[in-house]
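Line order of the protein sequences matches chains P and A.
Numbering (UniProt numbering) for the first sequence: 1 to 264.
Numbering (UniProt numbering) for the second sequence: 1 to 264.
Note that beta-carbon positions come from the ideal geometry of N, C-alpha and C, so glycine has one too.
Protein chains: 2
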Amino acid sequence: MTKFDEATRAIRLDDTTYDVCLDNGYSIGGPLNGGYLLAVVLRAAVDESPHAHPVSTSAQFLRAATPGPATVRVERLKSGRTATMTRATLIQDGRPFIDTLVTTATLDGSAVPEWTGEPPVRMPDLGECVKLPDPKPESNINLNGQMELLFDPPTIGWLSGAPTGRPESRAYFRLAEEQDPDPFVLALAVDALPPVVFSAGSRGWAPTVELTWHLRALPAPGWLTLLGGGRLISDGWFDEEVEVWDSAGRLVAQSRQLARVGRG
Amino acid sequence: MTKFDEATRAIRLDDTTYDVCLDNGYSIGGPLNGGYLLAVVLRAAVDESPHAHPVSTSAQFLRAATPGPATVRVERLKSGRTATMTRATLIQDGRPFIDTLVTTATLDGSAVPEWTGEPPVRMPDLGECVKLPDPKPESNINLNGQMELLFDPPTIGWLSGAPTGRPESRAYFRLAEEQDPDPFVLALAVDALPPVVFSAGSRGWAPTVELTWHLRALPAPGWLTLLGGGRLISDGWFDEEVEVWDSAGRLVAQSRQLARVGRG
């Protein structure tokens, strides 16, 4: 069992309850990363379903969860031949932290697309991409240690005072330990980039309010490519869209989140 | 009270229950349009909230709802200064038909965007756009009578055997009766286009499994512009993205749905 599999493990207590232990390794200065938490919730939802893959996940982030024991409560809403619908809620100290609606289905790993779009932007080669500097130890940004991100350089220009002026963030992604991507890794990947608004000149904690992502295909082994952008920053709200492409050049996940602009 | 307001009315019974009457005017050969149903559910969710606007709605479509009496059950998950989170479920004959997670907040009608993207496609002028032919009466497609849609001609080429070969659907939209767009009209608008896969050569009923839409600004009076596309058709699933722009040239709503390809 890999470190990520262990950190996202959900142990079945009964028909509707799973025990989980939220891992400090995925925290960012205290709160836990949203994508990591979704991976934990999806472990329970998939375990409870007769179907194998989380094809659609919508989540409301009610409160910022912190490391430690928690439970996932699952409520099956409907199960049919093609798909199962489940409500899954992450609960800590008796209160809901994340509420989700999950659709599971069983994807065909050998499906050939009837039609596919192209990546919206061409990434530079891996060798031309760059890491973020290591965070200061006192910032307690543990998440960065769990994954490797190699960025398209202009999209981290904000680090050196040169934001591009529009919401964007793009990087190659893989786990720090050796592990092929799977749907749970994709849940982490869709929320792994720095907020796209940093590139538009904003700073500070940008809390996710809602995130929906769809699993579109089972990812091939190797690096994932995360292409993040946004359409509107207004009235304290912004959207962040991330497409995840696998090493075989297939669109494997799509996400959009609605979040608050930070005041940092 | 307009016909649309009447058809989406939710009457409060108690803290958690609203009575609604699902209107046959929004049916498509039997089942009701998903966007119309979301508008009904959102009436209840907004009424129950201290905040004024449905900024984020994620919905799972469990079963195809039909006209007649129904209830919306609301469960408030959290309320804070900025936003209220609610689960709202449409129930008919004791069974859930649509389950949603709704975030309400109060948008500032005079907000000026910090940053905004451009429409992804330029629409032809209204005068160059075309209506769909009236449906045959025996098809019972009542929905078309409630709204005016004027299409970008190539995107309905599929009607005459000339699909463009990619998922797309674009039209100007307004209600048939005189009514300025509001957030509830936008809920209808994000699901008002023919499925984008028709333009890629598919036909037949394309049931929505999940639809998430975000209200990004309060719409100005006048026509709305609906720009619909998609990124992948594979393994029986497709995504449909719709951006709604108002007559003042602002992005007012964004939606994505995951749906099944029809077998028609």
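query                                                                                                                                       : result
Buried versus exposed call for residue 112 of chain A [16 or more other C-beta atoms within 10 Å across all chains shown]                   : exposed
Where the alpha helix (DSSP H) through residue 3 of chain A begins and ends                                                                 : 3-7
Inter-residue CB distance, residue 65 of chain A and residue 38 of chain A (contact presumed, cutoff 8 Å)                                   : Residue 65 of chain A to residue 38 of chain A, Cβ: 11 Å. No contact.
The segment 116-131 of chain P / the segment 75-82 of chain P touching (three or more Cβ pairs under 8 Å)                                   : no
Residue 126 of chain A classed as buried or exposed, judged by whether at least 16 other C-beta atoms fall within 10 angstroms              : exposed
For residue 47 of chain P, the first and last residue of its enclosing alpha helix (DSSP H)                                                 : 34-48
Inter-residue Cα distance where the pair is residue 24 of chain A and residue 124 of chain P                                                : 53 Å
Per-residue burial, residue 1 of chain A [other beta carbons within 10 Å of its own, 16 or more giving buried]                              : exposed
Residue 244 of chain A: contacting residues in chain P (beta-carbon distance under 8 Å)                                                     : Neighbours of residue 244 of chain A on chain P: none; closest Cβ ~12 Å, over 8 Å.
Start-to-end residues for the alpha helix (DSSP H) that takes in residue 183 of chain P                                                     : 183-189
Supposed contact pair residue 256 of chain A and residue 239 of chain A - C-beta distance, whole angstroms, cut 8 Å                         : 6 Å
Assigned secondary structure, residue 138 of chain P (DSSP; H/G/I helix, E/B strand, else coil)                                             : helix
Three CB pairs or more closer than 8 Å across the segment 45-59 of chain A and the segment 97-110 of chain A                                : yes
Same chain, Cβ closer than 6 Å to residue 187 of chain P, five either side skipped, listed in chain order                                   : 35, 38, 39, 42
Residue 78 of chain A - containing beta strand (DSSP E), residue span                                                                       : 68-79
Below-8 Å beta-carbon distance, residue 49 of chain A vs any chain P residue                                                                : no
Beta-carbon neighbours of residue 233 of chain A, restricted to chain P and to distances below 9 Å                                          : 113, 114, 115, 116
Residues near residue 163 of chain A in its chain [Cβ-Cβ closer than 8 Å; skip 5 each side]                                                 : 157, 198, 199, 200, 201
Chain-order list of residues whose beta-carbon lies under 6 Å from that of residue 89 of chain A (same chain, five-residue window excluded) : 73, 96, 99
Span of the beta strand (DSSP E), counted from its first residue to its last, around residue 91 of chain P                                  : 83-92
Three-state secondary structure assigned by DSSP to residue 255 of chain A                                                                  : strand
Nearest neighbour of residue 170 of chain A, chosen from A/160, A/192, A/176 [CA to CA]                                                     : A/192
Backbone secondary structure at residue 242 of chain A - three-state DSSP                                                                   : strand
Candidates A/226, A/251, A/29, of which the one nearest residue 235 of chain P by Cα                                                        : A/251
CB contact below 8 Å: residue 1 of chain P versus chain A                                                                                   : no
C-beta neighbour in chain P for residue 93 of chain A, strict 8 Å                                                                           : no
C-beta contact flag for residue 230 of chain A and residue 241 of chain A at 8 Å                                                            : yes
C-alpha gap between residue 189 of chain A and residue 219 of chain A, whole angstroms                                                      : 12 Å
Amino acids of chain A, ordered along the chain, whose beta-carbon sits closer than 8 Å to that of residue 210 of chain P                   : 56, 58, 101, 103, 212, 214
Distance, residue 260 of chain P Cα to residue 203 of chain P Cα                                                                            : 11 Å
Contacts that residue 162 of chain P makes with chain A (C-beta to C-beta distance below 7 Å)                                               : Correct list: empty, because the minimum Cβ distance to chain A is about 16 Å.
Close Cβ partners of residue 221 of chain A (< 6 Å) along its chain, the five nearest in sequence each way excluded                         : 180
Under 8 Å between C-beta atoms of residue 176 of chain P and residue 210 of chain P                                                         : no
Nearest candidate by alpha-carbon position, reference residue 159 of chain A, set A/71, A/196, A/107                                        : A/196
For residue 223 of chain A, three-class secondary structure by DSSP                                                                         : coil
C-alpha distance - residue 69 of chain P paired with residue 26 of chain P, whole-angstrom precision                                        : 14 Å
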